Amino acid sequence: MNIKLTNSALMALSEMVDAMGISKEMTKIEGKTNEEVGKELIGLFFTKLYKAKKQYYNFIIEFKEINIEDKNLTEEEIYNKKIEIAANMDVIELFKELFQIEGISDFLSLT
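Under the numbering used here, the first residue of the sequence shown carries the number 26, and numbering increases by one thereafter.
Below you can see the structure in the form of structure tokens.
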């Protein structure tokens, strides 16, 4: 399985992390072990994710490359269908796939 993080998905991920506002809180975990940092990141992610709902779904749309081609639908209807698909994806499988990308943990720890 060739899992990649495209530039558009990276931009969506960056926007999501920014909307969550966790960058400021990351300074509190400097000097901790990798395991402690991982636990802190997971905790911050899940306690702040609600702040970035739209950005989270946009990231999934980009990461999973969700495309809908239907000439009978408006752009808004297509976007809403993409959101519906993203909202109903198996989150555990999504995270497993995401963390298989080399360097993703490093990227998230730099935010």
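Beta carbons are placed, not taken as given, at the ideal position from N, Cα and C, and that holds for glycine. Quantities reported herein were computed from a predicted structural model and do not represent experimental measurements.
Kindly indicate which residue of Lys29, Ala37, Met45 and Gly56 has the alpha-carbon position closest to the one of Ile67.
As a working mapping, residue 67 is identified with position 42 in the sequence shown. Considering only alpha carbons, the answer is Met45.
Can you list, in chain order, the residues of its chain whose CB lies under 7 Å from that of Tyr82, leaving out five sequence neighbours each side?
Indexing the sequence shown from 1 puts residue 82 at position 57. Excluding positions up to five away in sequence, the list reads Ile108, Ala111 and Ala112.
Exposed or buried, which one is Gln125 when buried takes at least 16 other CB atoms within 10 Å?
What you label residue 125 is simply residue 100 of the sequence shown in a count that begins at 1. Burial call: exposed.
Would you decide whether Glu90 is buried or exposed? Buried here means 16 or more other CB atoms lie within 10 Å of its CB.
Taking the sequence shown and counting its residues from 1, the one referred to as residue 90 is at position 65. Result: exposed.
Terminal residues of the continuous alpha helix (DSSP H) containing Gln80?
As a position in the sequence shown, residue 80 is number 55, starting the count at 1. Taken as a continuous stretch (DSSP letters only), the alpha helix (DSSP H) holding Gln80 covers Lys78 to Phe88.
To which residues of the same chain is Ala77 closer than 6 Å at the C-beta, ignoring the five residues directly before and after it?
Sequence index remark: in the sequence shown, residue 77 carries index 52 (1-based). Cβ within range, chain order: Met41, Ala44 and Met45.
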